[in-house]
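Here full-length UniProt numbering is used: position 79 in the sequence shown is 79, and no number is missing along the way.
The beta-carbon is built from N, C-alpha and C at its ideal position, and this holds for glycine as well.
Heads up, the thing below is written out as C-alpha cells.
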Amino acid sequence: LQTIFTVKHFCVTVLFFFHSSIMLPHAMALRYVAYFIAACVLNFQRAIALVVLTCLAIAAVSYELVKKHKGKSISRCFKPAVRCFKSNLKWLKWVFVLAVVGLLVVWLALDTRKRPEQLISFGGVCMFIVLLFLFSAHRAMISWRPVFWGLGLQFCIGLFIIRTQPGLVAFDWLGKQVQIFLDYTKEGSSFVFGDLIGNIFAFQALPIIVFFSSIMSVLYFLGAMQWLILKISWAMQITLGTSPTETLSVAGNIFVGQTEAPLLIRPYLKDMTKSEIHAVMTGGFATIAGSVMGAFISFGIDASSLISASVMAAPCALAMSKLSYPETEESQFNSEKNIKVAAGDEQNILEAASSGASASIGLVANIAANLIAFLAILGFINSALSWLGGMVGYPEITFELICSYVFMPITFMMGIPYDESFTVAELIGTKLFLNEFVAYQKLSDLKSNRLNGLDEVIGGKRMWISVRSEIITTYALCGFANFSSLGIVIGGLSAICPPKRRDISALVVRAMITGTCTSLVNACIAGLLFVPPLDCVQLFKTSPFILSFICTHKSNLLPHLKHFPNCCAFWQYYRFMQYEEILH
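Here it is in C-alpha cells:
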C-alpha cells in the first residue's frame, strides 16, 4: 500500500511539474498573443505603448536566448575577422579618425550654413576640452581614446534624439509617458494631504520622489535595472576602453543618485585606482537621479530633454574624467567577467516597494531641509549685498546679478544669445552655489512667463528666454555638481569604503568641477544640434496677405508645426485690437 502511495505521489509531482514548467508558460504566452492581437486590431494608436514594450521584451529575451545557446559558436565564427581587425588596427585607427573628422567638418559646414550662431556652441565644446586639458592632473598620461569616444557617443546620441525624426518621436513619446506615469503620484498624495497638493511644493513635487524611489526598488528586485545598467556599461566599456567598475557606476548614474550608484560596485571600491574613483564621483556630479528627475518634470521642465541629458551625460562624464584625471596606475579590473551586480535583500515585490518608499524618506527630508536653508541664506545674502551696495548708490546688487556677470561668458559660449546669457548665467550660478532644485524652479518660472504671454522685459528685468535657450539651460543644469553635494559625496563614499577616504577627499573638488564641465559640454552639444521651433516674431515679419492665408489654412498647410496655432492666435488678437482702435 505504501508503494502505491509513493507511486501516486511521484505521478502527481511529475504532472504538476509538467503543467507548471511547460504547459502553464505556453498557455500564458498564447493568451498574451491573443490579447496583443486584439488590442492592436481594436485601436492600434492606443496600443502603441503595448507594442513598444512587447518589442523591447521580445528583443531582450531573444538576445539572452541566442547568447546562451549560440553565443560561443557565433564568437568562433567572428574570431578570424577579429584577428584580422586587430592586426591592422594601427592604420585602421587613423583612417577612422580622419574619416570622422572629415565628416564632422563637412556636416558643420552644411548644417550651420543657415544658422552660423550654432558654431558658437561648437566653440564652447572645444573651449571646455582645452581648459580641462590645461588643468589636467597628468597631461602627459592622457589617453585620447576614452575622450574622443565619449564625446563621439554623446554627439551620436544627441544627433539621434534631437535631429532625427525617430529620435524626436521616441523621446517625445517617452517624455509624455513618464509624465503620465508620474501623475499617478496624485492618487497617493491626495489621499494623504487632501486639497493641499494644489500649488504647494512639499505636497506636489516631493511625493513624486517617494513614488519613483519605490518603483526603482521594484525594478531592482525584478533584476530589470541591473540588466539595463550592465548592457549600457558594456557598450561604453568596449568603445571607451574604460574599466568595468567605473563604467558600471557611471552607467548606473543615469538612473540612480550619486551615492546609490557606487553601491553597484561596493565590493571593488577598495581596489580601484584614483582615476577610477575620480570617474565614479564625476559620473555622480554630472547626472541626476531618476527620482529627482520626476520632481523636475513636475515643475514643467521638458521631460524628453531631461531624459536625453542624463543619457548623454554618461559617456561624456567618462571622457571628461579621463581628461581631467588620467589613469596613471594599473587597474585590477580589466575584464567584466568577474564583476557581479548584487540584487537587493528583499524577499518579495511588496517588500521591495515598501523598502524603496522608506529609503526615500531621507532623500525627501534632505531636499526639503536644503531648500529651506539655501533659500533663506540666499535671501540673507541678497539683503546684505543690497545694504552694502546702497552705501555707494547701488542697492540693486544681488547674488544673482553677480553670477550673471561672472558666468555670462560661459553661457554665451554654450550658444545662448547675448541678451539672454546674463539671465541663464544667474541660473548656472544658482545651481553651482546653491543647488539644482532652486535653479530648475527659476527656469520653470521663466518658462511659465513665456507661455503666459508676459512681456519679454519688464522694468529692465528679463521675464523669459527663448525656447532654444530653455533647452540649452535644461541640459546645463542637469547634474548634482554643486558645493552642497561635496559633503554628501564625501560622507556617502567614505561610509561605503573607509580605506579610500583620503583619496575621496582629495579628488572630490576636481570631480565636481569636471562634472560641471560635463553638464556644460552637454549643453553645448544641445546648442549645436537643437533647431528651434517656429518663431512667431519671424512669422509676423511676413506680409499680412501671406500671414492671413497661412493662419486660415494652417491645419492643411502645416499640420506638423504644433506652435503655429499659438502664433496665429496672437495675430488674430492683434488684428482684433487694431479693428477696435479704428472703430473708436
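Would you decide whether I372 is buried or exposed? Buried here means 16 or more other CB atoms lie within 10 Å of its CB.
-> Around the C-beta of I372, fewer than 16 other C-beta atoms lie within 10 Å, and the residue is accordingly described as exposed.
When the Cα atoms are used, what is the spatial distance from S121 to S519?
-> Looking at the two C-alpha atoms, the distance is approximately 13 Å.
Please check the pair L240 and W91, which I expect to be a contact at CB under 8 Å, by giving their CB distance rounded to whole angstroms.
-> Taking 8 Å as the upper bound for CB-CB distance, L240 and W91 are not in contact here, some 21 Å apart.
Using a Cβ-Cβ cut-off of 6 Å (strictly less than) and excluding sequence neighbours within five positions of S404, which residues of its own chain qualify?
-> Counting only Cβ-Cβ distances below 6 Å, and skipping sequence neighbours, we find F422, A425 and E426.
Which of the three DSSP states, helix, strand or coil, is assigned to K114?
-> Residue state, collapsed to three classes: coil.
N- and C-terminal bounds of the alpha helix (DSSP H) containing H69 = Start and end: I48 to S87.
Assigned exposure category for Q237 - 16 Cβ within 10 Å defines buried = Residue burial annotation: Q237 is buried, with at least 16 other C-beta atoms found within 10 angstroms of its C-beta.
Does the beta-carbon of V147 have 16 or more other beta-carbons within 10 angstroms, so that it is buried, or is it exposed?
-> It is buried - the Cβ of V147 has at least 16 other Cβ atoms within 10 Å.
Secondary structure of V457, DSSP reduced to three states = Look at V457 here: in three-state DSSP terms it is strand.
Using the rule of at least 16 other Cβ atoms within 10 Å of the residue's Cβ for burial, across every protein chain shown, is K79 buried or exposed?
-> So K79 ends up on the exposed side.
From I229 to V531, what does the alpha carbon distance come to, in whole angstroms?
-> I229 and V531: Cα-Cα distance of roughly 31 Å.
Pull up the distance between the alpha-carbon of Q179 and that of K86, whole angstroms please.
-> If you take the alpha carbons of Q179 and K86, they lie about 46 Å apart.
Is it buried or exposed for L65, if we count other Cβ within 10 angstroms and need 16 for buried?
-> It counts as exposed.
Indicate whether V311 and A279 have their beta-carbon atoms separated by less than 8 Å.
-> No, they are not a contact pair.
What residues in its chain sit with their C-beta under 6 Å from that of I232, if we drop five residues either side in the sequence?
-> A251.
C-alpha gap between V210 and E260, whole angstroms = Between V210 and E260, the alpha-carbon positions lie close to 15 Å from each other.
Bridge partners of R462, per DSSP?
-> In DSSP, R462 forms a bridge with V457.
The segment 382 to 396 contacting the segment 406 to 422, beta-carbon criterion three pairs below 8 Å = Flag = no, the segment 382 to 396 and the segment 406 to 422 do not touch.
Contained beta strand (DSSP E) runs [length at least 3] in the segment 316 to 385, N- to C-terminal order = Listed in chain order, the beta strand (DSSP E) runs fully inside the segment 316 to 385 amount to none, counting runs of at least 3 residues.
Three CB pairs or more closer than 8 Å across the segment 506 to 517 and the segment 441 to 450 = Taking a contact to require three or more Cβ pairs closer than 8 Å, the segment 506 to 517 and the segment 441 to 450 do not qualify as touching.
Inter-residue spacing [alpha-carbon to alpha-carbon] between R462 and E456 = Counting only the Cα atoms, E456 lies some 6 Å from R462.
Output the distance between the C-alpha atoms of I471 and M28, rounded to the nearest integer angstrom.
-> For I471 and M28, the distance between alpha carbons rounds to 45 Å.
Taking L428 as the reference, which of S444, D445, M408 and I496 has the closest Cα?
-> What sits at residue 428 in the sequence shown is Ile, not Leu. The shortest C-alpha separation from I428 is found at M408.
Member of N43, T282, Y440 and G223 whose CA lies at the smallest distance from the CA of M293 | Nearest in C-alpha terms to M293, of all of N43, T282, Y440 and G223, is Y440.
If you draw a straight line from the alpha carbon of N253 to that of I288, how long is it in whole angstroms?
-> CA-CA distance, N253 to I288, rounds to 7 Å.
Rounded to a whole number of angstroms, what is the C-alpha to C-alpha distance between L350 and G290?
-> Annotation: L350 to G290 spans about 21 Å, alpha carbon to alpha carbon.
Per the contact definition of three or more C-beta pairs closer than 8 Å, is the segment 320 to 330 in contact with the segment 135 to 146?
-> Contact between the segment 135 to 146 and the segment 320 to 330 is present, with at least three C-beta pairs closer than 8 Å.
What span of residues does the alpha helix (DSSP H) with T287 cover, start to end?
-> Segment: none, T287 is in no alpha helix (DSSP H) and carries neither H nor E.
Say whether chain C places a C-beta atom closer than 8 Å to the C-beta of V169.
-> No chain C appears in the structure shown, which is made up of a single protein chain.
Determine contact between the segment 301 to 316 and the segment 472 to 480, defined as no fewer than three beta-carbon pairs at a distance below 8 Å.
-> A contact between stretches requires three or more CB pairs, one per stretch, nearer than 8 Å, and the segment 301 to 316 meets this requirement with the segment 472 to 480.
Proximal residues to S505 (C-beta, below 7 Å), its chain only, five neighbours per side dropped = Result list for S505: I490, in chain order.
Exposed or buried, which one is Y268 when buried takes at least 16 other CB atoms within 10 Å?
-> Buried.
Using only alpha-carbon positions, find the residue among A39, E436 and K67 that is nearest to T54.
-> Nearest of A39, E436 and K67 to T54, Cα basis: A39.
Whose C-beta lies closer than 7 Å to the C-beta of D503 among residues of the same chain, with five residues either side of it excluded?
-> Taking C-beta separations shorter than 7 Å and ignoring five residues to either side along the sequence, the partners of D503 in its chain run K274 and I277, following chain order.
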